[in-house]
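**Q** Sharing a structure here in C-alpha cells format.
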Amino acid sequence: MTLSLRIVLIVCAALDLLFIVRRIKKSKIDVMDSIFWLFFSLSFVVLALFPQIASFFAGLLGFQASANFVFVYVIAVLVMRDFSNTTEIAVLRKKVEGLIQEVALSS
Numbered sequence: 001m002t003l004s005l006r007i008v009l010i011v012c013a014a015l016d017l018l019f020i021v022r023r024i025k026k027s028k029i030d031v032m033d034s035i036f037w038l039f040f041s042l043s044f045v046v047l048a049l050f051p052q053i054a055s056f057f058a059g060l061l062g063f064q065a066s067a068n069f070v071f072v073y074v075i076a077v078l079v080m081r082d083f084s085n086t087t088e089i090a091v092l093r094k095k096v097e098g099l100i101q102e103v104a105l106s107s
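Following this note's numbering, the numbering of the sequence shown begins with 1 at its first residue and continues without gaps.
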C-alpha cells in the first residue's frame, strides 16, 4: 500500500472522527449510530498503520494490490450499512402506517 493512500486513510479517519463528535454534540446523531462510524474510522487507521493486514487479505482474496482490497473493503462495509439502514427504514415505515391508521380510526 502506498504512503499516499495510508496518509489519505488517516486524514479521512481524523475528519470522520471530528465530524462524528460535532454531530453528537449537536444531538444530530444518536450515540449508538455513531459507534459504527467510529469503528469504521478506526479500521482506516488500523489499515494505514499496519498495511500488512491489507496485503494479507489482498493476497488471500486474489487482489493484485492491497489498495484494491481497501477500496473493496470500504464499498462492502458501506453496502452492508446501507442494507441495514434500508431494513430499519422499512420497519419504521410500517410503524408509521400503523400509527396513521390508528389515528384515522380514532377520529
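Every residue, glycine too, gets a C-beta built ideally from N, C-alpha and C.
Looking only at C-alpha atoms, which of Ser27, Leu5, Ser43 and Leu92 sits nearest to aspartate 16?
**A** The shortest C-alpha separation from aspartate 16 is found at Ser43.
**Q** Buried or exposed: which applies to serine 41, given that a residue is buried once 16 or more other Cβ atoms fall within 10 Å of its Cβ?
**A** Serine 41 comes out buried.
**Q** Within 10 angstroms of the Cβ of methionine 80, are there 16 or more other Cβ atoms? Answer buried if so, exposed if not.
**A** That one is exposed.
**Q** Indicate whether valine 111 and alanine 54 have their beta-carbon atoms separated by less than 7 Å.
**A** Because residue 111 is not part of the residues shown, which for the chain are 1 to 107, the question remains open.
**Q** Do alanine 67 and leucine 5 have their C-beta atoms within less than 7 Å of each other?
**A** In contact: alanine 67 and leucine 5 (Cβ atoms closer than 7 Å).
**Q** When you compare the CB positions of leucine 47 and leucine 9, do they come within less than 7 Å of one another, or not?
**A** Contact flag set, yes.
**Q** Runs of 4 residues minimum, wholly inside the region 4-60: which ones carry the alpha helix (DSSP H) assignment?
**A** Listed in chain order, the complete alpha helix (DSSP H) runs (minimum 4 residues) inside the region 4-60 are 31-49.
**Q** Under the three-state reduction of DSSP, which class applies to alanine 65: helix, strand or coil?
**A** It is coil, neither helix nor strand.
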